[in-house]
Amino acid sequence: KQEVTQIPAALSVPEGENLVLNCSFTDSAIYNLQWFRQDPGKGLTSLLLIQSSQREQTSGRLNASLDKSSGRSTLYIAASQPGDSATYLCAVTNFGNEKLTFGTGTRLTIIP
Amino acid sequence: NAGVMQNPRHLVRRRGQEARLRCSPVKGHSHVYWYRQLPEEGLKFMVYLQKENIIDESGMPKERFSAEFPKEGPSILRIQQVVRGDSAAYFCASSPAGPPFPYEQYFGPGTRLTVT
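Protein sequence lines correspond, in order, to chains A and B. The first sequence begins at 1 in the working numbering and counts up one residue at a time. The second sequence begins at 1001 in the working numbering and counts up one residue at a time.
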């Protein structure tokens, strides 16, 4: 059974700093990994999707890496801004199974 | 282009009533997924449907919950005889294709169900 863990559960950093969010998964037979953002009381916004054959994806100030063999992914946010404050979720899809298995998220607060 | 649409956005039901949650996928998407987010918990998969077929319902509670995705119209998640423990945010997602290449899932804004 796939389990996804995100550490830390909460993180506060001053505006302008670079930061890294971590995601680990127990079953390395994944098809892809997605990073999402969720604002309080809102839905999910997809940030990046990494296929299992890829090692990283970039979008603007965001960079996600994937190390399938060690069961880890990181989301790097450069030059953080107060608008980046949200809960960040990672989720994986396993081969032969289309459902997403989510981590419990990291609640990020950027301090102005 | 409209994304995934869910209605209602907020739903209040008394214990014992029925709740119907609707999801219209992205135009052209034929695969729909339902997830539930209980208070202070992560999102959990409930069910995966294609047009007129339930593909995987391994996350659905055995009783009171059902889902459908008819040939025409939105997908419906139905909860009969709701209890307070059903209070949660229910999210729908859609994708353009399923196996052997599960594509990116696009999420709707969710329906927040409150059972009083």
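Backbone N, C-alpha and C define an ideal beta-carbon position, used for all residues, glycine too. Since the model is a prediction, treat every value here as computed from it, not as a measurement.
- In the three-state reduction of the DSSP assignment, A/D39 falls in the coil class, being assigned neither a helical nor a strand state.
- Cβ neighbours of B/R1064 within its own chain (closer than 7 Å, five residues either side excluded): I1079, Q1080 and Q1081.
- Around the beta carbon of A/G60, fewer than 16 other beta carbons sit within 10 angstroms, so the residue counts as exposed.
- A check of alpha carbon separations from B/G1108 across B/K1027, B/K1062, B/I1055 and B/T1116 identifies B/K1027 as the nearest.
- Restricting attention to A/K1, A/T109, A/N94 and A/T104, the CA atom closest to the CA of A/Q51 is found in A/N94.
- Contacts with chain B at 7 Å (Cβ-Cβ) do not include A/F25.
- Taking 7 Å as the cut-off, the Cβ atoms of A/K42 and B/F1045 do not count as close.
- Here A/G71 is buried, its C-beta having at least 16 other C-beta atoms within 10 Å.
- For A/P14, the enclosing beta strand (DSSP E) starts and ends at A10 to P14.
- Taking A/P8 as the centre and dropping the five residues before and after it, the same chain places the C-beta of T106 closer than 7 Å to its C-beta, in chain order.
- For B/P1061, there are no neighbours in chain A by C-beta distance under 9 Å, as the nearest C-beta there is about 16 Å away.
- Straight-line spacing of the CA atoms in B/P1061 and B/L1113 works out to 16 Å.
- It is roughly 12 Å from the alpha-carbon of A/V92 to the alpha-carbon of B/Y1103.
- Pairing A/L49 with A/L62 gives a Cβ-Cβ distance that is not under 7 Å.
- Where B/F1065 is concerned, the enclosing beta strand (DSSP E) starts and stops at F1065 to E1068.
- Taking 8 Å as the upper bound for CB-CB distance, B/T1111 and B/P1008 are in contact here, some 6 Å apart.
- If the five residues before and after B/R1020 are omitted, its C-beta is found closer than 7 Å to the C-beta atoms of I1076 and R1078, all from its own chain and listed in chain order.
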